[in-house]
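Let me begin by presenting the structure, written as structure tokens, before commenting on it.
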Amino acid sequence: MTALRHGKYPFILAFLLPPVGIYALYMLSPYVQAIYISLTRWSGLSATQTFIGFDNYVEMWNDDQLRTALRNNLILLVVVPVLTLFLGLFFASMLNVGGRRSGQAVTGVRGSSVYKVVYFFPQVLPHAITAIVFAYVFAPSNAGGILNNLLEAVGLGRLTQLWIGEPKYLVWIIVVVMTWGFVGFYVVLFSAAMQSIPRDIYEAALLDGSSRITTFRKVTLPLVWDTVQVGWVYMAIQAMDGFAFVHIMLGVNGGVQGAGDVLGVAIYRAAFAEYDFGYAAAIGVLLLLLTMTIVVLFMRVLRRERVELA
Amino acid sequence: MSSSIERTTSGMSSTRRTFLQRMAITGVAVGPGGAFLASCATSGGGDDEGDSEPEPQGDVSDDNPLGIPEDEPLEIYIFDGGFGDEYATDVHQPIFSEKWPDVEINHNAAVDIGGELQARFVAGDPPDFVNNSGDGQMDGAQLITDGQLYDLSDLFDAPSWDDPEVPVRDTLIPGTIEMGSRDGTPYVLNYAFTVFGLWYNKTLLDENGWTVPTTWQEMMDLCAEIKSAGIAPWVYQGVTAPRYMNWPLLTMAAKLAGPEILVPVDNLEEGAWGHEAIRESAAALRSLKENDYFLPGVEGMEFRDAQGLWARGEAVFCPSGSWLENEEADAIAEDETFELAMMPEPLLSEDAVMPLETVRATAGEPYIVPADAKNPRAAMEYMRAMLSVEGARGFSETVTSLTSVAAANEEVEISAPGLASAQEALNAAGENVINWLYPTWYPTMENPGIDQATGALLRADITVDEWVQQCEAVAKEIREDDSVVKQTREA
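Same order as they appear, the protein sequences are chains G and H.
Residue numbers for the first sequence, in this note's numbering: 1 to 310.
Residue numbers for the second sequence, in this note's numbering: 1001 to 1491.
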């Protein structure tokens, strides 16, 4: 007993040191180094880094293209989570508790087992493939554009646009594609949460004559709120990225007039098109700060009374 | 230069291919995980200047003019893209090995050159010879600025492979060495040779009895006729690369007012883009949109889709370089009757200073020897073998491209009709070959800078005056950016 107590700290240290060491080496030190690199001028092609203080940050302040990227990231940050979570909750509740079939009080709508699989399809596609497919959805009709051809086929030819050729649509195209790509995951996530809700609560609500919407608002939503909160934070982090979709669909310059740019692509461009790794690291630090701020804010704003089930 | 342009335009397709690899590098900077590159980056692990060991050297003799060590291995990286790497393994390496059987060639092919080699450059441990091309190409100008490239003067001064009386320098098409030089020191060997012009659907022209226009007025008349026949007169590279239209734009302006108007453009002089001839040329190209002569929807297309529609007979004229035939080989092969040919850009006016036959042509496809290479002398010897007539002709036959080796171009039989017409056009041009260098010197000035301005011009979203203002603003930004090393030329 005394021997064990005596050897407790070395014992614990022996187990803790390797993982903490690996974490520090591969996670923490890159952050610190990135911050240092952001204070230098470095081409990324040689070992020479020149310390220039905050010049990169001053340059960022005056960079109009970076403002466009930031604006787009903020649009993605606000619109994509709202759309995705709304659709995710709607589909999940329809699949799990939205049905009204005789014999079963709480069930999904007809065919829900099929929908469950179908909704998950986009999630198994790599973002790269999603982006390439959607580049053709929004292409001009004579280049195989699916959307424009569809519009023409149903007699709405006057609604056709040069989607990817029009600066004003670019960020909204990204919104649509990201939402499409992400919603399936949240359907599954919320489905799991909803299935853990005791059925008798629903039955009680039904006996009281509650409508589907009321049931959703008063029963389902409060009981899956924890999951929604996690989903929201996760979604916000994803919305700050958007790199793969923008880079593949619109190119390294963020599309026509750079109107579809996002911070991730701006970093890539600074690093690999301009060979200005210092500036790229500075944008990276900005992105880090933004992401952390957003996560903290979301966690605070979304905090709510936890409902105990038992 | 062409390759720097090709690199960016072949962007979309190779982007898809190489993108995940590169994500591995960037992903880092992107996400909060952001900076793994850094893990070795700031550790000061690189070879600093000065501490590198002296390069191995053999005795200099008539047989070994570069003094290469006869038994040291040579590590080679070839870009495995449009040209593949068979030309290296099947043509150049046998020529080299025949002379130097004891030099072991360590051959590597890579799709993403920068992705594979950037870290090795930083660490001071690069290969001996790099074909720095493709989507993952490392910025050549920046490599020179960072002192990462080996001075190739000895190569160009050495006797040529075929004739000891003639130095390598004199076997090359004039302008080749300058393309890869800074302040008179050559650092990059540009090996392939690209001719730029308007590529047209010869089958359609012949079928309809249309003739190749020689003036812009004839071009406009022909466009009207083509359009009334239900075909689109022009395409360009859509959302991907409207900058391809800069090539006819600047070429026509130079024909109108002389090649000296391109010098201030390259030298970033204020007002260079506002020259009357450049304005006139821009107005001419804008009139294609005003008259609805572009393929419908082209401004929203990927460049391969636009070029593919052209190759399938949906449009007649397409601006490009001589790689187009290779790039669209699949679409071209679909229809056996389809024949393409290159024409020089029409003259804006009868009183143009330069003749119609003037073309823009330049050496491209860069090959470099890193300054920290272990065996740089052998790498230069390999370049000397590439520049032999046999090596250059073999390259042309394998990859359907001209080379910078003048004698090889004369002797090579080109079976591809498009490239043959480009070769003819180049011969017809004689001395009247022009080029400009700002896209090589300042890649971000061309793209996204001028590229976006020209894109807007071609959509007729802006007037010619606004286009000039935007181009001037882009030039000004580069001019005033202290971190960019400036270059100038006199003629």
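All residues carry an ideal CB built from backbone N, CA and C; glycine is no exception.
Bear in mind that the values here come from a model prediction, so they are computed numbers and not experimental data.
At the level of alpha carbons, what is the spacing between residue i and residue j?
{"i": "H/Tyr1200", "j": "H/Gln1137", "result": "30 Å"}
{"i": "H/Tyr1191", "j": "H/Gly1197", "result": "20 Å"}
{"i": "H/Ala1420", "j": "H/Glu1446", "result": "29 Å"}
{"i": "H/Ala1422", "j": "H/Ala1341", "result": "8 Å"}
{"i": "H/Ala1229", "j": "H/Ile1095", "result": "53 Å"}
{"i": "H/Asp1102", "j": "H/Glu1072", "result": "8 Å"}
{"i": "G/Ile197", "j": "G/Phe182", "result": "24 Å"}
{"i": "G/Phe120", "j": "H/Leu1324", "result": "41 Å"}
{"i": "H/Cys1040", "j": "G/Val262", "result": "Residue placement at H/Cys1040 is flagged as unreliable, the pLDDT there being 46, under the threshold of 50; the coordinate-derived value follows with that caveat. Approximately 27 Å between the Cα atoms of the pair."}
{"i": "H/Ala1373", "j": "H/Gln1142", "result": "17 Å"}
{"i": "G/Leu77", "j": "H/Ala1253", "result": "46 Å"}
{"i": "H/Ile1414", "j": "H/Ala1408", "result": "11 Å"}
{"i": "H/Ala1277", "j": "H/Asp1080", "result": "40 Å"}
{"i": "H/Ala1300", "j": "H/Asp1330", "result": "Note that residue 1300 of chain H is Gly in the sequence shown, not Ala. One C-alpha to the other measures close to 22 Å."}
{"i": "H/Thr1444", "j": "H/Ala1224", "result": "36 Å"}
{"i": "G/Arg300", "j": "G/Leu28", "result": "25 Å"}
{"i": "G/Gly184", "j": "G/Pro122", "result": "7 Å"}
{"i": "G/Thr293", "j": "G/Ser38", "result": "19 Å"}
{"i": "H/Gly1045", "j": "H/Ala1123", "result": "Annotation note: pLDDT 42 at H/Gly1045 (below 50); position unreliable, coordinate value reported separately. Cα to Cα, the separation comes out at about 6 Å."}
{"i": "G/Trp163", "j": "H/Ala1385", "result": "50 Å"}
For residue i, name the three-state secondary structure that DSSP assigns.
{"i": "G/Phe245", "result": "helix"}
{"i": "H/Gly1321", "result": "strand"}
{"i": "H/Asn1447", "result": "helix"}
{"i": "H/Leu1020", "result": "Confidence at H/Leu1020 is low in this model, with a pLDDT of 40, below 50, so its placement is unreliable and the value that follows should be read with caution. Note: H/Leu1020 maps to helix in three-state DSSP."}
{"i": "H/Ile1478", "result": "helix"}
{"i": "H/Leu1198", "result": "strand"}
{"i": "H/Pro1032", "result": "The predicted model places H/Pro1032 with a pLDDT of 38, which falls under 50 and marks its position as unreliable, so this point remains unresolved."}
{"i": "G/Pro222", "result": "helix"}
{"i": "G/Arg41", "result": "strand"}
{"i": "H/Val1485", "result": "coil"}
{"i": "H/Thr1171", "result": "helix"}
{"i": "H/Gln1057", "result": "coil"}
{"i": "H/Phe1338", "result": "coil"}
{"i": "H/Ala1229", "result": "coil"}
On the DSSP letters alone, give me the boundaries of the beta strand (DSSP E) that residue i sits inside.
{"i": "H/Trp1234", "result": "Ala1232 to Trp1234"}
{"i": "H/Leu1066", "result": "First-last for H/Leu1066: undefined, no H or E at that position."}
{"i": "H/Glu1075", "result": "Leu1074 to Phe1079"}
{"i": "H/Asn1409", "result": "Segment Ala1406 to Glu1411 is the alpha helix (DSSP H) holding H/Asn1409; no beta strand (DSSP E) there."}
{"i": "H/Thr1362", "result": "Val1359 to Ile1368"}
{"i": "H/Phe1129", "result": "Phe1129 to Asn1131"}
Over what stretch of residues does the alpha helix (DSSP H) that includes residue i continue unbroken?
{"i": "G/His127", "result": "His127 to Val137"}
{"i": "G/Gly155", "result": "No alpha helix (DSSP H) holds G/Gly155; DSSP gives it neither H nor E."}
{"i": "G/Thr84", "result": "Asp64 to Asn96"}
{"i": "H/Ala1141", "result": "Gly1140 to Thr1145"}
{"i": "H/Ile1105", "result": "Run containing H/Ile1105: none in the alpha helix (DSSP H); it sits in the beta strand (DSSP E), Ile1105 to Ala1110."}
{"i": "H/Pro1376", "result": "Pro1376 to Met1386"}
Would residue i and residue j qualify as a contact pair, given that the criterion is a beta-carbon distance under 8 Å?
{"i": "H/Leu1347", "j": "H/Thr1215", "result": "yes"}
{"i": "G/Asn311", "j": "G/Ala282", "result": "Look at the range of chain G in this structure, 1 to 310, and you will see that residue 311 of chain G is not part of it."}
{"i": "H/Gly1313", "j": "H/Leu1204", "result": "yes"}
{"i": "G/Phe138", "j": "G/Gly144", "result": "no"}
{"i": "H/Ile1076", "j": "H/Val1188", "result": "no"}
{"i": "G/Phe190", "j": "G/Gly88", "result": "yes"}
{"i": "H/Pro1213", "j": "H/Ala1315", "result": "no"}
{"i": "H/Lys1289", "j": "H/Ala1460", "result": "yes"}
{"i": "G/Ser46", "j": "H/Phe1083", "result": "no"}
{"i": "H/Phe1156", "j": "H/Val1235", "result": "no"}
{"i": "G/Leu170", "j": "G/Thr160", "result": "no"}
{"i": "H/Leu1387", "j": "H/Val1168", "result": "yes"}
{"i": "G/Val230", "j": "G/His247", "result": "no"}
{"i": "H/Arg1182", "j": "H/Gln1487", "result": "yes"}
{"i": "G/Tyr311", "j": "G/Ser43", "result": "This structure leaves residue 311 of chain G out entirely; chain G is present only between 1 and 310."}
{"i": "H/Ser1281", "j": "H/Leu1262", "result": "no"}
At least 3 beta-carbon pairs within less than 8 Å: the segment 1126–1144 of chain H vs the segment 1362–1378 of chain H: yes
Assess, as a yes-or-no matter, whether the segment 1233–1246 of chain H is touched by the segment 1290–1306 of chain H under the definition of 3 or more beta carbon pairs within less than 8 Å. yes
Looking at C-beta atoms only, is the number of pairs between the segment 1266–1286 of chain H and the segment 1479–1488 of chain H that lie closer than 8 Å three or more? yes
State whether the segment 1083–1100 of chain H contacts the segment 1328–1339 of chain H, with contact taken as three or more CB pairs (one from each stretch) at a distance under 8 Å. no
Under 8 Å, with one C-beta from each stretch per pair, do the segment 1354–1367 of chain H and the segment 1421–1440 of chain H reach the 3-pair mark? yes
The segment 283–294 of chain G in contact with the segment 23–38 of chain G per 3-pair CB rule at 8 Å: yes
At least 3 beta-carbon pairs within less than 8 Å: the segment 223–241 of chain G vs the segment 202–210 of chain G: no
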